[in-house]
Each structure stands twice: as C-alpha cells, then as structure tokens.
Amino acid sequence: MKDPINMQEINPKAYKAMYALEGFLAESSLSKTHKELIKIRASQINGCAFCLDMHIKDALKNGESPQRIYTLSAWRETSFFTEEEMAILAFTEEVTLIPSGVSVATHERAAALFTELQLTEIIMAIVTINAWNRIAISTHLKPVLDPK
Numbered sequence: 257m258k259d260p261i262n263m264q265e266i267n268p269k270a271y272k273a274m275y276a277l278e279g280f281l282a283e284s285s286l287s288k289t290h291k292e293l294i295k296i297r298a299s300q301i302n303g304c305a306f307c308l309d310m311h312i313k314d315a316l317k318n319g320e321s322p323q324r325i326y327t328l329s330a331w332r333e334t335s336f337f338t339e340e341e342m343a344i345l346a347f348t349e350e351v352t353l354i355p356s357g358v359s360v361a362t363h364e365r366a367a368a369l370f371t372e373l374q375l376t377e378i379i380m381a382i383v384t385i386n387a388w389n390r391i392a393i394s395t396h397l398k399p400v401l402d403p404k
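The numbering of the sequence shown is our numbering, which starts it at 257 and goes up by one.
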C-alpha cells in the first residue's frame, strides 16, 4: 500500500478547521468525563483504534475508572453510569448510527437533563469525534503500537 495521506501536512487548513471545533468544545459546559465518554463510545462504534487508544488514556489520566471504560460498550447492562451519562451515551450512539437519527425517547430523556445549549454542545462533541474517527481511519493515521 502506498504511504497513507498525511492530511495535517498536506492540507493544514482542514486540520485548523477541526481544531477550531476542538477549541469550541474546550470552552463548552460539558465536563471532561462527558466529553471522553462521547469520544470513547463513538470511537468504539466506528472501530477507530487510534482514537480509542488516545481517549482511553486521556480518560484514565482524568480519573476515569478502568471498570467503567471496560464496560462502556455494554453501559445499559451496568449500574456504573449516571442518568446524565446514560443520556449522553444513548445520544452518542444514535447520532453516530445516523440512519435512524435520534429517537423521540432519547431526545426527551436528554432534554430533561440538559439545557438546549448543552444539547447543542453534546451534538457538536459527537459530530467532532465522528469526524476525527473518519479522518484517522481513512488516512491510516499512525497505528496504535503494542506496548510490549
């Protein structure tokens, strides 16, 4: 295979636009925990090893429990997540798996817990990690190396 495309080098304006989204999210009202749960769950769904590796490490550095990360893909089957986190995870799954869109039940659940402004921030966080996943996967962004 030919060397992967280095988007950041070839098209720095595209990366600047993505970093602008990250800047917006850094100033949002979402907690670090909420942002990392969104990033990890969307990356699990999209199969982006690069982003999973990065965001799991970030979540652990921010104090996230390994047990919650291990069970994140089965969050509905645990009692480890708060109502807000479960609403965010449901929203993340439905936005990431866009064919059906966000259900009325998921929207109402989230709307009961978050302001409209917060809902827009949640959507932007989900959209942004989905874009990063697609960039990393389609350009074969540096592989995740085995730490052994």
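We treat Cβ as the ideally placed atom computed from N, Cα and C, and that holds for glycine.
Let me check understanding here. Comparing Cα to Cα, which of the options lies closest to residue i?
i      : options                           : result
Ala406 : Ile393, Thr289, Phe337 and Ala367 : The structure shown does not extend to residue 406, since the chain is modelled only from 257 through 404, so no value can be given for it.
Met388 : Tyr275, Asn267 and Pro260         : Per the sequence presented here, residue 388 reads as Trp, with Met not at that position. Among Tyr275, Asn267 and Pro260, the Cα nearest to that of Trp388 is on Tyr275.
Thr327 : Phe280, Ala270, Gln300 and His363 : Gln300
Ile354 : Glu333, Val383, Ala305 and Trp331 : Val383
Leu220 : Thr362, Ala330 and Glu364         : Nothing can be reported for residue 220, as the shown portion of the chain is limited to 257 through 404.
Ser295 : Ala270, Tyr271, Ile325 and Ser321 : Reading off the sequence shown, one finds Lys at residue 295, where the question assumed Ser. Selected option, being the one with the closest Cα: Ile325.
Phe336 : Gln323, Ala346 and Ile344         : Gln323
Glu320 : Lys291, Thr395 and Gln374         : Lys291
So the alpha helix (DSSP H) residue i belongs to, where does it begin and stop?
i      : result
His363 : Val360 to Leu369
Ser356 : No alpha helix (DSSP H) contains Ser356, which DSSP labels as neither H nor E.
Trp388 : Glu372 to Ser394
Glu265 : Met263 to Ile266
Please classify residue i: does DSSP put it in a helix, a strand, or coil?
i      : result
Ser321 : coil
Cys304 : coil
Glu283 : coil
Leu316 : helix
Ser335 : coil
Leu397 : coil
Thr348 : helix
Thr327 : coil
Return the Cβ separation of residue i and residue j in integer angstroms, given the expectation that the two are a contact with Cβ distance under 8 Å.
i      : j      : result
Asn267 : Asn386 : Between Asn386 and Asn267 the Cβ distance is about 19 Å, and since that is not below 8 Å, they are no contact.
Glu377 : Ser287 : Not quite, the Cβ-Cβ distance comes to about 11 Å (not below 8 Å), so this is no contact.
Ile379 : Val351 : 6 Å
Ala298 : Thr348 : 6 Å
Does the distance between the C-beta of residue i and the nearest non-hydrogen atom of the ligand NAP fall short of 8 Å?
i      : result
Met263 : This structure lacks the ligand NAP, and indeed carries no ligand of any kind.
Sufficient close CB pairs (3 or more, under 8 Å) joining the region 361-376 to the region 340-353: yes
Given 8 Å, three or more beta-carbon pairs between the region 348-360 and the region 306-324: no
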